[in-house]
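Residue numbers (this note's numbering), protein chains in the order written: chain A, 1 to 99; chain B, 100 to 666; chain C, 667 to 1343; chain D, 1344 to 1876.
Even glycine gets a Cβ: it sits at the ideal position worked out from N, Cα and C.
Have a look at the structure below before the remarks.
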Amino acid sequence: MSTGWYLAVSAIVFAIGAGGVTTRRNPLLVLVCLELMLNAGNLAIVAFARMHGATEGHVFALVVMVVAAAEVVVGLGIVVALYRNRVAVDVDELRELHG
Amino acid sequence: MYHLSVLLWLPAAFAVLGLLVPSRTTRWVAVVGALLTLALSVVLVLDFEATGPALQHVTDATWISALGVRYELALTGLNMWLALLATVGFAFSIVWAAMTPLGVDRRAKHVFFHLGIAQSAVLGALLAQDLILFVAFFDLMLIPFFFLTAQFGNGDRVPATIKMIVYTLVGSLLMLVAAIAVGVLATPPGAEVSYNIQEIAQRGVPEGSQGWLFACFAAAFLVKMPQFPIHGWLADGYKAMPLPVLAVFSGVLSKVAVYGFLQIAIPLLPQGTADLRWVVLIIAVVSILYASTVALTTFNARMVLAYSSVAQLGFITLGVMSLRPDGAAGALLQSVNHGVAVFGAFLAVAILGHRTGSEDLRDMGGAATKAPVFAVLFVVVTYAVLAMPGTANFVGEFLILRGTWEGSAPALAIVASIGVALAAVYALRLFIRSSHNRVGPVIQPREGARWELALLAVPVLLIIALAVHPQQTVEAADQAATRSVLSAAAAVSPDRARDILADDPSAQAAAEAAQSAAGGTGAAGGAGGAGAAGGADASGAAGAETAIDPATGQPVDQTAQTEGAGR
Amino acid sequence: MSPAEAAWIVLLLPLLGAVVLGLGFRVWRGITAGIIGTAAVGLAFVFTLITLFGLLGRDEEGTRQIASSLYDYVSVGGVDVKMEILVDPLSVVMLLVVTGVSTLIHLYSIAYMRGDAGYTRFFAYLNFFVFSMLVLVLAGNFVLLIVGWGFVGAASYMLISFWYRRTSATKAGIKAFVINVVGDVGLVLGVILLLKETNSVDFLDTFHSAKETFGEDGSGSLTAALLLIMVGAFAKSAQMPLHTWLPDAMEGPTPVSSLIHAATMVTAGVYLIARLHPLMELSPTAQTVGAIIGCATLLVAGTIGLVQTDLKRVIAYSTMSQIGYMIMGVSAGAYVAGMFHLMTHAFFKALLFMAAGSLISAMAGEQNMNKMGGFRKAMPFTFLAFVIGGLALSGIPPFSGFFSKDEILAGVASEGGWHWILWGAGIFGAFLTAVYTWRMIFRAFWGPPVPEAKELEEGHLHHAAEHRNPATGEIEDTGVGFPGPEHHIAERAPAMRMAMSVLAVLAVVGGILGIPHVFTPLEHFLEPVFEEAHALHHVDTSITVLGLIVGSLAGIAGIAVAYVIWAKPTTRGEASTAISSGWQRRFAPVHRLFVNKWYFDEIIDLLIVRPVRGFGRWAHDGFERLVIGGAIVGGTTGAVRGASAVVRRLQSGYLRTYSAVVLTGAAVLVIYFLTQS
Amino acid sequence: MIALTAAAQAPDIDWAGLSSLLALFAGAVVVLLVGLLRSRFARETLVPVLSIVAFAVSIGLAIWQWDEEGSLMSGALALDPLAMIGVVGVGVAGIAAVLLSIGATAPREAAHGEYHAMMLIAAAGMAMFVGAQNLITTFLGLELLSIPLYILAATELHRRRSLESGMKYLIVGSVGSATLLYGFALIFGATGQLDYAGIAAAVGTEGLRDDPLMLAGVALVIVGLAFKASVAPFHQWTPDVYEGAPTPVTAFMATATKVAALIAFLRLFDVALVGTSGTWAPALAVLAAIAMIVGNVGALGQSSLKRLMAFSSVAQAGYMLVGVVVATQLGVQATVFYVLAYVVMTVAAFAVIEAAERETGHDGASSIAGLGRRRPLHAIALTLSMLGLAGVPATVGFIAKLRIVQSAADNGYTWLAIVLVVGSMISFVYYLRVVARVWGDDPETTTDVAATRGQTVAVEEPEAIPARAGDAASVPGLVPGGNDQPVVVADAPRLPITVLAVVSGAAIVVLGVIPGPLMNVVEDVARAVPGLF
């Protein structure tokens, strides 16, 4: 299959992730969607690496996975801290800083 | 050979010194500093030979090498007298501040610190020969006045000062871009960017973009003076500022803008000047009429002086934009006169203000009954403000009107002369409503305190001194003014340049160099370099009675029979 | 001592006097200030005589026009102005008049002003005035002339509003000054226009090269320049339409009126036109304009003088009309006649003002003629002075007025053509002059003595209970001491009497200086100055003789008419004023026109003062707030504040909007980039 | 086997080059361990000292490596003055942040060890980011500096606003980096190269100028980096995060991240993608213009000082971007000079804001009212920093602005220079309003600080949001009343903050009057960027 297909899939996954981030109100799901966006990028990198036969691409994908994991962990940590501070688990709740 | 940097940084040094000494003695340190600077500037002015090279006492060092910005100062015919006016003005206002409660205020250190920094900045702007150095000092000169008014002003001072600062900075920041653009555009490909004023004048800025560049410079200077459409900040700014500070702000800072026109905008952008000349002339004339009518109807004494300054600066701008040596020299003389008159006038308003509590003319009246000496001094200042023939203000105005008549248009001179009549009205109205007529409802007239009268005597003596011999100010400015307006005049029309030269044979040598530079781009030959050959044979010094034979202009021997004259 | 050095001393003496009096104003007690002032001007007169004789001495060999300069006043561009004076017969004649009459007036003021709180200040200002008048007369170039012009305007302002506690005085002061400034401006513009051609401000250079620069029949720009300069002359000499300040200037003390508004300042215009005669000769239109304005002024002033009730204002209007004569004469080419009339007028007009001062003192400051009458017995000397002055003013032979006035008319008539109309107007003016002069004398001295007069007859000078300002009637603020409650009449003050008698003699004898075609020393003295001019204007004897006869007839007729209306005890026993009120009713509209001074004040107020003040107030309140504050400043700050509100509202705090903005931004950028390719 | 072993011998690492980076990592580890000790002295003072030492060492090493030219880790990191100046800038910002944290509530809440470790790691990330020459290391550097900052922003666990700012920064930050990653992917797809030199060569030779993949990739990269440098349309996180986060962290974020982001911008756009500057230069110019206007206008109505500084940093980012847009030697010099000047000015401002916040409990405008009378030194420092940021002559801000305007005017971007000038006109209003408030002494606004020293001061939020009934249950340890009023002990500012304020204030003026030395440093930084004329 030509790389174009992989690209299309990755673009769609990126779009879904973006849609999720902007519409879902539960921070956990927002983090999931962020994962989706990062992995879409991953998919594209791997597809191109195969196309160009450049192995560094795969290294790049591995690095991205590690980074994505780290982000989600920190994200969850903050969500738990928010919950312990009696703030409803809702992204729209976080609007004390504005103006 | 005095180093100009000493004159420049002396006030700042004393400002810092004032911070260190205990606050009781700060004011005396400041006064000593101001008087020292004044003495130094007088020495420099006396040391300036009118027929010497264009730039004297030059100090030159690199400031920002990467940008080609140099720290270059010099004394020229144009800025010499204005620098003296600045030192006189600051000495006057520092001594005045030292005597008022402002000087013994628990934050007196701030007052004298800011005044010192402002003085350095003003002197820097006047003496700078590098475009960026000029713009830097031009902006810096405003900031101390912001602090002075925000801390020590009256009424709702903070918004008023912020409006004033931002308003004037609109102009000067535009000027920053224009200054850089001038420097950059004037550099021939491959050469090093240089912001030296003389250098740029020789290199010549491409004519295409001179228009908008001149507009930027003109905007900055017209806002600073201020002139008619862009004087929004004047009313609030003047009301908010404490009077000792206002005297020097109104008397000196607006003159830096006039100097800016003569030293930078006109010589560097001759084509731009020629194209936009009429816009500035119209603004100036409208400013004269508008400000005069407002000045003669407002009831606040301070506002009368504020709008009278706008009108007087309208005249000065007329002189500058007439692009003729006598117009420009008249404008410079008028700047010095207006400065001195304004110092006296603001002190008089302050004295009257002390006695009435407010500066409203309706509360005043009859101050002269108990204060004869103050009344006489105030009358002399009033005569200077309205440019009565006999004072040097009249000579300035005469030269400006002549310059406008021949340089710009007779109609303009006639309309401007209406301003002269209106000036008589508002100046006398201010004097009469405050000092004459019956004793006003609020005022308690009493004679001025000894220090007040002594201080008021200073500008009065200066007015009289200038009145008796205005020649020294005009003579110094003559050569320099010819050089700076010549290229612009040539840009307007070649024959104007010829009749400027015809008018003033002494400018012949200086003109050749400027003539070559007037040809627009890239002419060689330093305009500044060739010093003017010996000035006009300053005859007439002989006191003895010499019957001048009019036909030949030579003094005639007593016995020789001359036709024409009576037998 | 050469004439020029003497002239410099004459110039500086009054200045020295003014400075000495000014600086030590607390030191001089009593009348010492008066003595110093008078001494200063007296010395100046002496040195003027020295200059005169020095100049006469040079009759044979040297030139009579000496320009001496001290230093360069201003020299820039083409303009080279020197601090120089020009000593020649014309300026010496003026020097004589100015210093002579000033000395007498200073002498008169020593007594008249005694008791006034501002005594020293008065003499300081008076000396300063004399100095400025001398600068004007001796100036050697146009710029110094304007400087003198300005000084004189300032000095007259200071003296008019001398009693500055009176609001009417300060109003009159500012009015006089502003109109003078208008004159100055005209003068400045005229000089600038002249400068454009001649490139030199020096009198002698301009006059001698006048023909080359302006061509034989003079150019358009020369006429324009002269007209502008004449605006200055008309403002200073109170000619129409710039004359409204003169009647108000009567607010000043009487010696001021006699010095400034009779003898010296108002004659400046005449001197100027005489000085510029080489240029005037080249521009017939300017001469015509001058003649017409002069004639119109003398008629209008005469008519107003008829109906004035204030004593000093009657004399003021008579001055205006006599100056009208001089301007008409000088503009028409009769320069010597003009100067001669200027000199004689100075004598008898100063005398009349002094006499009026004495009369007003007798009336304890009251100037309204309706309240005067029957002072013949009470004040014989003042009456005699009034009669001599009146006769000279009306031009009755052998008094000085007769010769000088008719010589002017003769000079005008000899121009021929339409100038005869001016001659006719002049004669009618002479008749009017005689009428209003003697109306004043009869109203004041004839008829039953008024209480003040009776009191004076018993040797006791009347003192008003409270001191009122004659013009406005408000109680005078004598708390500060002036105008002083004391009054001095000639009969009791030797100094006043001495000054008035000298002037009386001169008024009578003055005529011998210019008996036409018989003995004309003045004309001979002024010969070198007006040498070319005389060739053009030849006056033949027949016209002169005709003028003399008709002029004196007009004068006598005028006196007769005045006698009939105001003095003759009427047969039918009505009060003597019945007849004049009868005339008033019959010509009511005309009377109202004259009383309202031909509505000049109202016209000027309507055309100039009110619009300027209205515009100023509108600009100050309306325009400043709306346009400057609103549009330019408010507009920009409004826009910026609006934008700031928008940006802060966008900052909604919602997390999801932020990410949405980032993503949409990315999409927009990608699309933009793709379209680029 | 031998071949395997032979092949697997250790790679030749240039330890000297890497030393400044390693110093930061080592510092983080040491600080983490010391943080575990029980004694308050170890935690309260030893940890900050050690982290300052770590920063200082890394700065020293960076200066030591100044003249080296070449690459590290087989082309992944560049070793040139541009990277080194980045490390120095980050180091200075780090030291300042640590000084501000002494005695602050954030380290006490989050255990000193971790707090300082996080800071050091973030600094290490930035050091990597500025030196990155390969797409992988760039992305890794970016994430390494961002994630610790998310944590730091949320350190004050008991203050809802801090958590909120942390959360917001994380989510929007991740969106930004995801976009950046996708951009890198597309660029990698278009050129097949990962390292900058390769990309530059590929772009030059194969004429990829108008290849859709390449263009889309560049666009997304612009979004990602613009987000990080908080340039206008992508700046919306900045005000909320700066205001919410504890002030020392905000200071660190405002200064260090800007240094890293701008230098990365320079390296990526002026080295790798310089070929396609025709397309991205105008777009960046427009972004810069928007940033200047939105930043200045947004700051106008602000009452909270930190939020004002946030908007002002957006505007300043706009000014700095001009140097990148111009893509010339002068442009690079202008941007690097501006960034260093910006660091000094912002450090001075935040030092005074932190001191005022400790005294009054809030960062509202009234906290600095009448400061001129109470704390003259702080007042002078804040005034100088405000005037510097506004660009008043005799301050380093003026020289920086001058260079930016000249670089713009030199290359035909005069309209951008005019927008810059109009923006700074607006900026004068709010900077001068702060200065006027500092020096004005109208009595009613100055909270009488002397009286409240020592007591607990209820934090008065500028616009308290009506707390919903649901979460009003009081949590043990919190001051009763008010939903989450944290405990703020109003105590006199510690000496380090005053020293920091005075030093940076002085630096603003000294560098303003004598910019010579800094100019030379910046000159040889620009030489490191090949390819620009």
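Against residue i, what residues of chain A qualify as contacts under a CB-to-CB distance less than 8 Å, listed in chain order?
i                       : result
residue 1314 of chain C : 99
Determine, using beta carbons only, whether residue i and residue j come nearer to each other than 8 Å.
i                       : j                       : result
residue 1739 of chain D : residue 1692 of chain D : no
residue 168 of chain B  : residue 232 of chain B  : yes
residue 395 of chain B  : residue 549 of chain B  : no
residue 1750 of chain D : residue 1664 of chain D : no
residue 280 of chain B  : residue 230 of chain B  : no
residue 466 of chain B  : residue 485 of chain B  : no
residue 1391 of chain D : residue 1459 of chain D : yes
residue 778 of chain C  : residue 1164 of chain C : no
Assign residue i to buried or exposed, taking buried as 16 or more other Cβ atoms, counted over all protein chains shown, within 10 Å of its Cβ.
i                       : result
residue 1032 of chain C : buried
residue 543 of chain B  : exposed
residue 1184 of chain C : exposed
residue 1395 of chain D : buried
residue 952 of chain C  : buried
residue 1828 of chain D : Only weak support exists for where residue 1828 of chain D lies, its pLDDT of 45 falling under 50; the value from the coordinates is given anyway. Result: buried.
residue 360 of chain B  : buried
residue 4 of chain A    : exposed
residue 302 of chain B  : buried
Assuming residue i and residue j are in contact, meaning their beta carbons sit under 8 Å apart, how far apart are those beta carbons, in whole angstroms?
i                       : j                       : result
residue 826 of chain C  : residue 835 of chain C  : 7 Å
residue 1415 of chain D : residue 1370 of chain D : That pair is no contact at about 19 Å.
residue 755 of chain C  : residue 730 of chain C  : 6 Å
residue 843 of chain C  : residue 922 of chain C  : About 14 Å; that fails the 8 Å criterion.
Quick one: does residue i have its CB under 8 Å from some CB of chain E?
i                       : result
residue 1531 of chain D : Absent here is chain E; the protein component of the structure consists of chains A, B, C and D.
Which residues of chain A have a Cβ atom closer than 9 Å to the Cβ of residue i, listed in chain order?
i                       : result
residue 1494 of chain D : 74, 77 and 78
Name the chain D residues that come within less than 7 Å of residue i, Cβ to Cβ?
i                      : result
residue 257 of chain B : 1779 and 1783
Residues of chain C with CB closer than 7 Å to the CB of residue i, please, in chain order.
i                       : result
residue 55 of chain A   : Residues of chain C passing the Cβ test: none, with the nearest at roughly 28 Å.
residue 1583 of chain D : 1319
Starting from the beta carbon of residue i, find every residue of chain A whose beta carbon is closer than 7 Å, and list them in chain order.
i                       : result
residue 1490 of chain D : 70, 71 and 74
Would you mind telling me which residues of chain B sit closer than 9 Å to residue i, beta carbon to beta carbon, in chain order?
i                       : result
residue 1383 of chain D : Within 9 Å Cβ-Cβ: nothing; residue 1383 of chain D doesn't reach chain B, min ~41 Å.
Residue i versus chain D: which residues are under 9 Å apart at the beta carbon?
i                     : result
residue 58 of chain A : Simply none; closest approach about 11 Å.
Query raised in the report: Which runs of the alpha helix (DSSP H) spanning at least 4 residues fall entirely within the stretch 1395-1450 of chain D, listed in chain order?
Result: 1424-1444
Query raised in the report: For the stretch 716-766 of chain C, which segments carrying the beta strand (DSSP E) assignment without a break, of at least 3 residues, lie completely within its bounds, in sequence order?
Result: 732-742 and 745-753
Report task. Just list the alpha helix (DSSP H) runs in the stretch 1004-1084 of chain C, keeping only unbroken ones of 4 residues or longer that don't cross its boundaries, in chain order. Result -> 1046-1060 and 1066-1080
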